[in-house]
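Below is one structure; the comments refer to it alone.
Residue numbers (the working numbering): 799 to 936.
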């Protein structure tokens, strides 16, 4: 008999377990994999606005705003006035840059271990693409 569980729930459960694996491996850096990802994106975009960061991360601005406030409270990012007084840009603080640098080898280590378990990543990428393509209406 075929397994008849919800694909969405199964994938969410797997994603939660993967997040836990990354978080445990990255614990010595003091940040989670989610925070690492956000710091990486902020650094890559070189001072994005919240709107720009939201678009790049595909997160809702309200959710992202809460996440950025946590990073700001931890002293990992700082906000600066943008091109006009109405916009603010997000930048890594010195502490944030140092924390990010410390986390990079931890991330690479866990990433490599998981990729070794997978073998060829092509099949996973194809599966993720197939699952995230909108389903046509009947």
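Just so you know, even glycine gets a beta-carbon here, dropped at the ideal spot from N, CA and C.
Buried versus exposed, by CB contacts within 10 Å (16 or more), residue 811: Position 13 of the chain shown, counting from 1, holds the residue named residue 811. Around the Cβ of residue 811, a 10 Å sphere holds fewer than 16 other Cβ atoms; the residue is exposed.
Sufficient close CB pairs (3 or more, under 8 Å) joining the segment 901-915 to the segment 856-872: Segment contact: the segment 901-915 against the segment 856-872, fewer than three CB-CB distances shorter than 8 Å; contact not assigned.
Inspect the beta-carbon positions of residue 854 and residue 837 and report whether they are closer than 9 Å. Start at 1 with the first residue of the chain shown, and residue 854 comes out as number 56. Start at 1 with the first residue of the chain shown, and residue 837 comes out as number 39. Not closer than 9 Å, so no.
Quick check: the Cα distance between residue 873 and residue 891, rounded to an integer number of angstroms? Within the chain shown, the letter at position 75 stands for residue 873. Within the chain shown, the letter at position 93 stands for residue 891. The straight-line gap from Cα to Cα measures roughly 7 Å.
Thinking C-alpha only, which one of 899, 803, 920, 905 is nearest residue 818? Position 20 of the chain shown, counting from 1, holds the residue named residue 818. The residue from 899, 803, 920, 905 with its alpha-carbon nearest to that of residue 818 is 905.
Can you give the beta carbon distance from residue 875 to residue 889, rounded, assuming they're within the 8 Å contact cut? On the chain shown, position 77 is the one that residue 875 refers to. On the chain shown, position 91 is the one that residue 889 refers to. The pair is a contact, with the Cβ atoms about 6 Å apart (cut-off 8 Å).
Classify residue 783: buried if its beta carbon has 16 or more other beta carbons within 10 angstroms, exposed otherwise. Only positions 799 to 936 of the chain appear in this structure, which leaves residue 783 out of reach.
Burial state of residue 922, where buried means 16 or more other Cβ atoms lie within 10 Å: Sequence index remark: in the chain shown, residue 922 carries index 124 (1-based). By the 10 Å Cβ count, residue 922 comes out exposed.
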